[in-house]
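Heads up: the structure comes next, in structure tokens.
In our numbering, the protein residues as written are 43 to 383.
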């Protein structure tokens, strides 16, 4: 299987829920929530893509970075490349329903582990989906992370315990799902969290706790204050609040304030290994990728997921050579082109 064949298969298997566009930029699917699009005008999804696209790189070829080390350690685990599969869930809600949640998530989990990275599994309006995702993760030795929706704390804690029993090595809550329309349509009570509520969740587990949905310096500082292990700079793929800035736009300010105090993950508009390099240069320690894993799994199952990750790894290594970065730690803002004022 090659990548073009994978995309062709995905276009057929997603039953119109995703067009598998040449550029996954949020324009064709604007307003399609439920579905794979961004909310209302689709501006937040589009801005994730466009803000990252605007970042340009300095090409440098007089250096000794001939064989870069792309590996990184996160949460005590070594990753071949600094990428995690984002917790995208809901085959029947958002992906056309041709494949079951179990089929889809087993492909994502298996493909990630085959390729040397780790998956995040998600939670959604359908009660059965998180247990299904955790069952599949448990079959794979618990080698992944569970991200839970911002339900009432007692329900979140109950689901954290389920995740612990599955053997996961980190847990978290995507507070950016507080306004998700798919949950509202199913009458599911989610909402923002107070500082005390987040502290309760952090203290309910011994596992590293991840707070997903940070888009301001203020919220990033609060995440450090409550003892979270990591934040994900994310606007939930542009699926909740219309007209937010793109992740690449807010990431540098957040990194300037909290880098080194907390692990910074970035999630928004990443499609290629070059995009990964850009996010790392803007201040992320690693990135999450969402929609392309849906495309890869629906287009080629487990093999398709591995094929996509291998493609990312090759692109990242090539981009590191062309910008003079010998390892992940050496990637910084110096590789970003800044036009003279």
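Cβ coordinates follow ideal geometry from the N, Cα and C atoms, glycine included.
On a Cα-Cα basis, can you pick out the residue from the options that is closest to residue i?
| i | options | result |
| --- | --- | --- |
| residue 113 | 321, 92, 327, 138 | 327 |
| residue 259 | 70, 244, 275, 72 | 275 |
| residue 161 | 93, 358, 61, 150 | 150 |
| residue 291 | 48, 325, 146 | 325 |
| residue 203 | 170, 222, 246 | 246 |
| residue 354 | 366, 337, 317, 144 | 317 |
| residue 348 | 93, 74, 155, 54 | 155 |
| residue 254 | 244, 242, 241, 278 | 278 |
| residue 176 | 144, 158, 75 | 144 |
| residue 157 | 148, 122, 163 | 122 |
| residue 381 | 346, 48, 243, 97 | 97 |
| residue 307 | 358, 352, 356, 252 | 252 |
| residue 218 | 283, 105, 54, 242 | 283 |
| residue 104 | 373, 366, 375, 372 | 366 |
| residue 257 | 299, 170, 46 | 299 |
| residue 205 | 229, 225, 163 | 163 |
Excluding sequence positions up to five away, which residues of its chain have a Cβ less than 8 Å from the Cβ of residue i?
| i | result |
| --- | --- |
| residue 201 | 165, 172, 188, 190, 193 |
| residue 304 | 262, 265, 266, 270, 271, 272, 273 |
| residue 94 | 288, 289, 290, 310, 311, 312, 317, 320, 321 |
| residue 174 | 143, 144, 147 |
| residue 241 | 268, 269 |
| residue 27 | The first residue shown for the chain is 43 and the last is 383, placing residue 27 beyond what the model contains. |
| residue 333 | 60, 66, 78, 130, 279 |
| residue 360 | 315 |
With a Cβ-Cβ cutoff of 8 Å, do residue i and residue j count as a contact?
| i | j | result |
| --- | --- | --- |
| residue 330 | residue 126 | yes |
| residue 99 | residue 296 | no |
| residue 340 | residue 141 | yes |
| residue 344 | residue 81 | no |
| residue 239 | residue 197 | no |
| residue 129 | residue 216 | yes |
| residue 63 | residue 313 | no |
| residue 168 | residue 118 | no |
| residue 183 | residue 210 | no |
| residue 59 | residue 73 | no |
Who are the Cβ neighbours of residue i in its own chain at under 6 Å, not counting the five residues just before and after it?
| i | result |
| --- | --- |
| residue 364 | 101 |
| residue 220 | 192, 232, 233, 234 |
| residue 57 | 138, 140 |
| residue 368 | 107, 110 |
| residue 61 | 70 |
| residue 146 | 133, 339 |
| residue 153 | 344, 347, 348 |
| residue 55 | 140, 340 |
| residue 373 | 322, 323, 367 |
Please look up how many angstroms separate the CB atoms of residue i and residue j, rounded, as I've assumed it's under 8 Å.
| i | j | result |
| --- | --- | --- |
| residue 321 | residue 110 | Not quite, the Cβ-Cβ distance comes to about 16 Å (not below 8 Å), so this is no contact. |
| residue 237 | residue 213 | Contact flag wrong, Cβ pair sits at about 19 Å. |
| residue 208 | residue 180 | 4 Å |
| residue 342 | residue 135 | That belief does not hold up - the Cβ atoms of residue 342 and residue 135 are roughly 22 Å apart, past 8 Å. |
| residue 43 | residue 346 | 7 Å |
| residue 159 | residue 351 | 6 Å |
Tell me which residues share the same chain as residue i and place their Cβ nearer than 7 Å to its Cβ, disregarding the 5 neighbours each side in the sequence.
| i | result |
| --- | --- |
| residue 68 | 79, 80, 84, 87, 88, 91, 280 |
| residue 383 | Here residue 383 scores only 45 on pLDDT, less than 50, and its place in the model should not be relied on; the value that follows carries that caveat. Excluding sequence neighbours, residue 383 sits near nothing in its chain. |
| residue 301 | 325 |
| residue 294 | 324, 325 |
| residue 250 | 117, 212, 271, 272 |
| residue 52 | 62, 337, 340, 341 |
| residue 115 | none |
| residue 46 | none |
| residue 6 | Beyond the ends of the chain as shown, which are 43 and 383, falls residue 6; an answer cannot be given. |
Identify the residues that DSSP records as bridge partners of residue i: which are they?
| i | result |
| --- | --- |
| residue 214 | 189, 252 |
| residue 432 | This structure gives no information on residue 432, because the portion of the chain shown stretches from 43 to 383. |
| residue 162 | 187 |
| residue 81 | Paired residues: none, contrary to the question. |
| residue 276 | 309 |
| residue 115 | 120 |
| residue 330 | 126, 309 |
| residue 301 | 304 |
| residue 199 | Residue 199 is not bridged to any residue. |
| residue 369 | 111 |
| residue 99 | 378 |
Under a CB-based cut-off of 8 Å, is residue i close to chain C?
| i | result |
| --- | --- |
| residue 58 | The structure shown contains no chain C, having only a single protein chain. |
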